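Chemist:
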Amino acid sequence: MATAAEDTVETVVSAAPHPWDVSNPDIYVEDRWQPIFAEMRATAPINKVTGSAFGDYWNITTQKPIQHVEALPDIYSSDVERGGITLFGELENLPKELQRQTPSFIAMDRPEHTGQRRTVAPAFTPGEMERLSGDISRRTGQILDDLPRGEAFDWVDRVSIELTTQMLAILFDFPWEDRRKLTLWSDWASDPAIINDPERAYERRDHMREMAAYFTDLWNDRVDKPEAPDLLSRMIHSDAMKDMDRFTFIGNLTLLIIGGNDTTRNTMSGYAYGLDKFPGERAKLEADPELIANAGQEIIRWQTPLAHMRRTATQDAELFGHRIAEDDKMVLWYISANRDESVFDRPDDIVIDRDNARRHLAFGYGIHRCVGARLAELQVRILLEEMAARRLRVNVAGEPERVPSCFVHGYKRMMVELSEY
Ligand code: HEM
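Its first residue numbered 22, the sequence shown is counted upward by one per residue in the working numbering.
#1: Could you pull the DSSP bridge partners for H134 from this structure?
#2: Assign E311 to one of three DSSP states: helix, strand, or coil.
#3: If we ignore side chains and look at the alpha-carbon of each, how far apart do W323 and G281 end up?
#4: Would you please state the rounded distance, in angstroms, between the beta carbons of V90 and M351? I believe it to be under 8 Å.
#5: Helix, strand or coil, according to DSSP, for F109 in the structure here?
#6: Does the segment 332-348 come close enough to the segment 427-434 to have 3 or more Cβ pairs within less than 8 Å?
#7: Okay, do the segment 380-388 and the segment 399-408 touch, 3+ Cβ pairs below 8 Å being the bar?
#8: What ranges does the beta strand (DSSP E) occupy inside the segment 239-275, keeping only unbroken runs of at least 3 residues that lie completely in it?
#9: Measure the alpha-carbon distance for N416 versus S290 and round it to whole angstroms.
#10: Nearest to T285 by alpha carbon, out of E362, Q187, R200, L353?
#11: Applying the criterion that 16 or more other CB atoms from any shown protein chain within 10 Å of the CB defines a buried residue, is G110 buried or exposed?
#12: Under a three-way DSSP split, which group does N80 fall into?
#13: Report the option in V101, S158, R423 whose CA atom is closest to the CA atom of R131.
#14: CA-CA distance, P40 and L205?
#15: Pull up the distance between the alpha-carbon of E311 and that of R379, whole angstroms please.
#16: For H343 and E149, I'd like the C-alpha separation in whole angstroms.
#17: What does Y432 pair with, by DSSP beta-bridge criteria?
#18: In terms of DSSP beta bridges, what is R344 paired with?
#19: For ligand 1, is there a heavy atom less than 7 Å away from the beta-carbon of C427?
#20: Tell me, please, which residues DSSP counts as bridged to R201.
#21: With H, G and I counted as helix, E and B as strand and the rest as coil, what does DSSP make of L168?
#22: Measure the Cβ-Cβ separation of I271 and T140 and say whether it is below 8 Å.
#23: Going by DSSP, what residue range makes up the alpha helix (DSSP H) through V50?
#24: Give the secondary structure of H381 by DSSP, where H, G and I count as helix, E and B as strand, and everything else as coil.
#25: Taking a contact to mean a Cβ-Cβ separation below 8 Å, would you say V372 touches E302 in this structure?
#26: Three or more beta-carbon pairs under 8 Å between the segment 75-89 and the segment 351-368, yes or no?
#27: Please report how far the alpha carbon of K202 lies from the alpha carbon of D238, in whole angstroms.
#28: Verify the contact flag: P94, CB atom, against every heavy atom of ligand 1, threshold strictly below 7 Å.
#29: Which residues does DSSP list as the beta-bridge partners of I67?
#30: Within a Cβ cutoff of 7 Å, which residues of the same chain sit near G317, ignoring the five residues on either side of it in sequence?
#31: Which stretch, first to last residue, makes up the beta strand (DSSP E) that contains L93?
#32: From what residue to what residue does the alpha helix (DSSP H) around R402 run?
#33: Would the C-beta of M265 count as close to ligand 1, meaning under 7 Å from any of its heavy atoms?
#34: Report whether the distance from the Cβ of R131 to the nearest heavy atom of ligand 1 is below 7 Å.
#35: Given F236, which residues of its chain have a CB within under 8 Å of its CB, disregarding the five upstream and five downstream residues?
#36: Grab the span of the alpha helix (DSSP H) containing N287 for me, first residue to last.
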């Protein structure tokens, strides 16, 4: 049960990483983050780590204070100029010329955030989801029908990446044959190990430049054409975005590419891995396809594809008894809040008919809550429906290879075999 600790717990990190320095990617690669966060939730749900590789930061590990922080965007800023929305946002290890982050509306405060979000939001209305759903079902079915039977294959590559990449290509009306470039760019853009590595930073910049050049060509091609429903066309023709400088334009594209890629991809892999781990729950789902919508939410909760978002205090503040100073980094650990024992019974288990699965914070909370959440839910639901329609089951063959990151929480490779039930 989470308790509200009154005193700030300060931990000093010197040579060895402190166990509560959860920026350490090893704990995610080795899948041993669960007891560390459970200990924090039980003893000091809000605590401060000092001297980590990314400087000092606050760990916020339960639902209530995360929602509190996200509900006060003027006090707890997302602004890229203050470090942005990831723990590793300062880029201090890099040469000066590479330290400038690309701005995008996830890393902006009001009022700029409001206008830019409004531009892309109409691409994700229930009506748009309805329009896209037939196509998503058809493509998902086709991918499943092409998978090998009785032979191991990499689920991440063949299903999760392929489905999410196809979806993005459709959203942007991106040239189909080049769609895997979206995956490549997203991987280079979002991996903290790469972002902060001075050795690989120039290679990363080259990939980002290639992406910028590619999208600039698409922009130039569409700018004189009438508005179409794809996201690029919407951005080009919107008041909030049409005069955007190139840097911000690229930043927003990167946001949408990462937003729609790493996240839904890792939910789809989490589905395969998680149901294999909880065969009793899988049996429930196989017996009753009515449970699919709720199962999708529960898998998103259990997987939590983005482990955290970060805010920076714009002023001194008080947070449930803790003194927060201006410029303090606040790390909102969704991965932990989604295992908050005061909200979810048996939080480490998948329970596909859990009655409050929807209360997860995997999409965040408040003004920045994920704008693509409906699309992600739709894609996951359709994958489960198409699997059920074919009576297909995924059997995981060996432990997956995981992403070494405290941000994207997911799988690089997972060998599986399909069977029929
Ligand atoms: C399961 C899949 C997904 C998860 C777990 C996820 C998670 C998140 C989270 C945690 C945030 C930040 C919320 C906050 O700061 O409070 C966010 C924002 C965002 N997401 Fe997603 N996301 C997913 C799918 C998508 C998809 C499919 C797209 C678009 C194609 C997308 C686009 C965005 C954008 C543009 C934002 C910025 C919103 C803003 O700042 O107003 N996401 N997402």
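For every residue, glycine included, the Cβ atom is placed at its ideal position computed from N, Cα and C.
Predicted, not measured: the structure shown is a model, and the values here were computed from it.
Modeler: Reading from the atomic positions:
#1: Here the question's residue 134 lines up with position 113 in the sequence shown. Answer by DSSP bridge pairing: none, since H134 is not bridged.
#2: Your numbering for residue 311 matches position 290 in the sequence shown. E311 falls in the helix class under three-state DSSP.
#3: To locate residue 323, count along the sequence shown from 1; it is residue 302. To locate residue 281, count along the sequence shown from 1; it is residue 260. Going by the C-alpha atoms only, they are around 19 Å apart.
#4: If you number the sequence shown from 1, residue 90 lands on position 69. If you number the sequence shown from 1, residue 351 lands on position 330. With 8 Å as the limit, V90 and M351 qualify as a contact, their Cβ atoms being about 6 Å apart.
#5: Taking the first residue of the sequence shown as position 1, residue 109 is located at position 88. If DSSP states are grouped into helix, strand and coil, F109 belongs with coil.
#6: no
#7: no
#8: none
#9: Walking along the sequence shown from the start, residue 416 turns up at place 395. Walking along the sequence shown from the start, residue 290 turns up at place 269. Approximately 12 Å, taken between the alpha carbons.
#10: Here residue 285 corresponds to residue number 264 of the sequence shown, with the count starting at 1. Checked all of E362, Q187, R200, L353; the closest Cα to T285 is Q187.
#11: The residue you call residue 110 lines up with position 89 of the sequence shown. By the 10 Å Cβ count, G110 comes out buried.
#12: Along the sequence shown, one-based indexing puts residue 80 at 59. Strand at N80.
#13: For the purposes of this step, residue 131 is identified with residue 110 of the sequence shown, where counting begins at 1. It is V101 whose Cα lies nearest to the Cα of R131.
#14: As a working note, residue 40 is residue 19 in the sequence shown. As a working note, residue 205 is residue 184 in the sequence shown. Rounded to the nearest angstrom, the two C-alpha atoms are 33 Å apart.
#15: Taking the first residue of the sequence shown as position 1, residue 311 is located at position 290. Taking the first residue of the sequence shown as position 1, residue 379 is located at position 358. Those two C-alpha atoms are separated by around 16 Å.
#16: Position 322 of the sequence shown, counted from the start, is the residue given in the question as residue 343. Position 128 of the sequence shown, counted from the start, is the residue given in the question as residue 149. Taking the straight line joining both Cα atoms gives about 44 Å.
#17: Numbered from its first residue, the sequence shown carries residue 432 at position 411. In the DSSP output, where bridge partners are listed per residue, Y432 has R423.
#18: Locating residue 344 in the sequence shown gives position 323, counting from the first residue. Note: R344 sits in a beta bridge opposite E339.
#19: Along the sequence shown, one-based indexing puts residue 427 at 406. For ligand 1, not one heavy atom lies less than 7 Å from the Cβ of C427.
#20: Indexing the sequence shown from 1 puts residue 201 at position 180. Looking at the DSSP assignment, R201 forms no beta bridge with any residue, so it has no partner.
#21: Position 147 of the sequence shown holds residue 168. If DSSP states are grouped into helix, strand and coil, L168 belongs with coil.
#22: One-based indexing of the sequence shown puts residue 271 at position 250. One-based indexing of the sequence shown puts residue 140 at position 119. Their beta carbons are not under 8 Å apart, which means I271 does not touch T140 by this criterion.
#23: The residue you call residue 50 lines up with position 29 of the sequence shown. 47-50 is the extent of the alpha helix (DSSP H) around V50.
#24: In the sequence shown, counting from the first residue as 1, residue 381 sits at position 360. Coil at H381, not helix or strand.
#25: Position 351 of the sequence shown, counted from the start, is the residue given in the question as residue 372. Position 281 of the sequence shown, counted from the start, is the residue given in the question as residue 302. Yes, the Cβ-Cβ distance between V372 and E302 is below 8 Å.
#26: yes
#27: Here residue 202 refers to the residue found at position 181 when the sequence shown is read from its first residue. Here residue 238 refers to the residue found at position 217 when the sequence shown is read from its first residue. Looking at the two C-alpha atoms, the distance is approximately 15 Å.
#28: As a working note, residue 94 is residue 73 in the sequence shown. For ligand 1, not one heavy atom lies less than 7 Å from the Cβ of P94.
#29: Translated into positions along the sequence shown, residue 67 becomes position 46. DSSP, once it has assigned bridges, lists I81 as partnering I67.
#30: Stepping through the sequence shown from its first residue, residue 317 is reached at position 296. E398, V401, R402, L405.
#31: Taking the sequence shown and counting its residues from 1, the one referred to as residue 93 is at position 72. Counting along the chain, L93 falls outside any beta strand (DSSP E), and DSSP gives it neither H nor E.
#32: Within the sequence shown, residue 402 is the residue found at index 381, counting from 1. That run of the alpha helix (DSSP H) goes 394-410.
#33: Counted from its first residue, the sequence shown places residue 265 at position 244. No, the Cβ of M265 stays beyond 7 Å of every heavy atom of ligand 1.
#34: Mapped onto the sequence shown, residue 131 falls at position 110. False, no ligand heavy atom lies under 7 Å from that Cβ.
#35: Taking the sequence shown and counting its residues from 1, one reaches residue 236 at position 215. Correct list, in chain order: L253, F270, I271, L274.
#36: For the purposes of this step, residue 287 is taken as the residue at position 266 of the sequence shown. Element bounds for N287: 283-298.
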